[in-house]
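Trainee: Protein sequence lines, in the order shown, are assigned to chains A and B.
If you count by my numbering, then the first sequence holds residues 51 to 182, one letter each, in order.
If you count by my numbering, then the second sequence holds residues 51 to 182, one letter each, in order.
Pasting a structure below so you can have a look.
2 protein chains.
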Amino acid sequence: MSARTDDALAAEWHRLMGRYQRLMCVLDRELGAEHGLSASEFEVLQQLEQAEECSLRMSVLADGVHLSQSALSRLVTRLERDGLIERKSCSQDRRSLFVALTDAGRTRYADARPTQRRVLREEGSDCLEQPA
Amino acid sequence: MSARTDDALAAEWHRLMGRYQRLMCVLDRELGAEHGLSASEFEVLQQLEQAEECSLRMSVLADGVHLSQSALSRLVTRLERDGLIERKSCSQDRRSLFVALTDAGRTRYADARPTQRRVLREEGSDCLEQPA
DNA sequence: ATGCATAAGATGCGCAAGCAAATAATGCAG
DNA sequence: CTGCATTATTTGCTTGCGCATCTTATGCAT
Numbered sequence: 051m052s053a054r055t056d057d058a059l060a061a062e063w064h065r066l067m068g069r070y071q072r073l074m075c076v077l078d079r080e081l082g083a084e085h086g087l088s089a090s091e092f093e094v095l096q097q098l099e100q101a102e103e104c105s106l107r108m109s110v111l112a113d114g115v116h117l118s119q120s121a122l123s124r125l126v127t128r129l130e131r132d133g134l135i136e137r138k139s140c141s142q143d144r145r146s147l148f149v150a151l152t153d154a155g156r157t158r159y160a161d162a163r164p165t166q167r168r169v170l171r172e173e174g175s176d177c178l179e180q181p182a
Numbered sequence: 051m052s053a054r055t056d057d058a059l060a061a062e063w064h065r066l067m068g069r070y071q072r073l074m075c076v077l078d079r080e081l082g083a084e085h086g087l088s089a090s091e092f093e094v095l096q097q098l099e100q101a102e103e104c105s106l107r108m109s110v111l112a113d114g115v116h117l118s119q120s121a122l123s124r125l126v127t128r129l130e131r132d133g134l135i136e137r138k139s140c141s142q143d144r145r146s147l148f149v150a151l152t153d154a155g156r157t158r159y160a161d162a163r164p165t166q167r168r169v170l171r172e173e174g175s176d177c178l179e180q181p182a
């Protein structure tokens with residue numbers, strides 16, 4: 051019994067890997083070619099766009115995009131260098147930082163979003179089931 | 051309508067990313083710590099174990115593990131260096147290579163498999179639905 | 001036979017990821 | 001106030017990935 055369950059889990063994991071890798075790969079390529087963004091960078095912009103006042107603390111953002119803190123730190127550095135977001139220090143706790151979308155960031159997100167949605171429609175129709 | 055569908059797809063994609071990253075991260079850590087294998091290396095050993103005569107062509111293997119051809123080439127180099135697999139040239143088409151499990155590779159897979167299954171059970175119970 | 005398009009793998013390159021250690025700011029115990 | 005554990009973020013290091021390109025092998029057309 052346990053063996054059968056385990057093998058079913060392994061098979062499901064294998065399918066999950068396949069769906070993820072395929073979509074991620076295409077998203078990275080298309081978003082990169084058309085808008086100069088990686089899929090992770092797009093996710094960050096999206097999280098910020100949806101957040102109150104378009105700003106979030108680093109650690110919250112790291113959770114939201116499923117990235118390690120160090121990876122997020124560097125990703126934010128890149129987006130800041132490109133002028134799409136800003137680090138804003140937090141007066142209440144000087145250890146924390148808020149990350150906020152700039153106007154350029156909002157624009158870039160608005161431009162890139164249709165591309166992302168299109169890829170999800172084209173490549174994800176057979177990969178992404180309806181939400182449970 | 052299209053907008054709602056697109057947003058649902060985006061939300062589903064976000065969940066897929068989360069499930070994948072979480073599982074992949076834990077698998078890499080545990081398999082690495084306990085058996086010196088990455089999750090991708092484990093997948094390669096598993097594909098070979100399940101294959102006829104425990105050998106597959108590189109390109110077939112690359113598909114099976116959802117990896118680029120170059121990534122697989124290097125992965126195979128590492129596994130070969132560790133003595134877990136062998137490259138065997140194909141007499142019918144000298145461009146092709148077969149990759150085969152060694153005895154050490156079979157043993158390593160047998161050792162690592164319970165770890166992988168345990169992680170899938172512990173971390174994946176809420177991530178991996180039953181197969182459709 | 002010769003040439004050329006194609007296929008399978010390997011390799012140079014740059015990039016982004018995770019872990020672990022470093023830095024900096026808090027806050028609490030004495 | 002001083003020291004120490006804790007929290008938030010950054011940075012050094014190593015590793016693995018994908019893309020583009022190179023090399024070798026096929027095989028078909030002439």
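Every residue gets a Cβ at the ideal spot worked out from N, C-alpha and C, and that includes glycine.
Note that this is a predicted model, so its numbers are computed, not measured.
Would you list, in sequence order, the uninterrupted alpha helix (DSSP H) runs of no fewer than 4 residues that lie entirely inside the segment 156–182 of chain A?
Mentor: none
Trainee: Taking 9 Å as the CB-CB limit, is Q166 (chain B) close to chain A?
Mentor: yes
Trainee: Tell me whether V37 (chain B) sits in a helix, a strand or coil according to DSSP, three-state version.
Mentor: Beyond the ends of chain B as shown, which are 51 and 182, falls residue 37 (chain B); an answer cannot be given.
Trainee: Measuring only the C-alpha atoms, how far is L117 (chain A) from Q142 (chain B)?
Mentor: 46 Å
Trainee: A61 (chain B) by DSSP, collapsed to three states: which one?
Mentor: Residue state, collapsed to three classes: helix.
Trainee: Who are the near neighbours of Q119 (chain A) in its chain, counting only those whose CB is closer than 8 Å to its CB and skipping five residues on each side?
Mentor: Hits under 8 Å: M108, S109, A112.
Trainee: Counting only the same chain and skipping the five closest in sequence on each side, list residues whose C-beta sits under 8 Å from that of D161 (chain A).
Mentor: So the qualifying residues of the chain are H85.
Trainee: Go ahead and label Q166 (chain A) buried or exposed: buried means 16 or more other beta carbons lie within 10 angstroms of its beta carbon, across all protein chains shown.
Mentor: buried
Trainee: Please list, in chain order, the chain A residues whose beta carbon lies closer than 9 Å to that of Q100 (chain B).
Mentor: Those do not exist, as Q100 (chain B) stays about 10 Å from chain A at its closest Cβ, beyond 9 Å.
Trainee: Which residues in chain B have a C-beta closer than 8 Å to the C-beta of E91 (chain A)? List them in chain order.
Mentor: Listed along chain B is no residue with a C-beta nearer than 8 Å to that of E91 (chain A); the closest approach is about 13 Å.
Trainee: With L134 (chain B) and S90 (chain B) assumed to form a contact (beta carbons below 8 Å), what rounded beta-carbon distance in angstroms separates them?
Mentor: With 8 Å as the limit, L134 (chain B) and S90 (chain B) do not qualify as a contact, their Cβ atoms being about 13 Å apart.
Trainee: Could you tell me which of B:L170, B:R163, B:R145, B:L129 sits nearest to L151 (chain B), measuring between CA atoms?
Mentor: Distances from the CA of L151 (chain B) to each of B:L170, B:R163, B:R145, B:L129 were compared; the closest alpha carbon is that of B:L129.
Trainee: Closer than 7 Å by beta-carbon distance: list the chain B residues that pair up with G155 (chain A), in chain order.
Mentor: For G155 (chain A), there are no neighbours in chain B by C-beta distance under 7 Å, as the nearest C-beta there is about 18 Å away.
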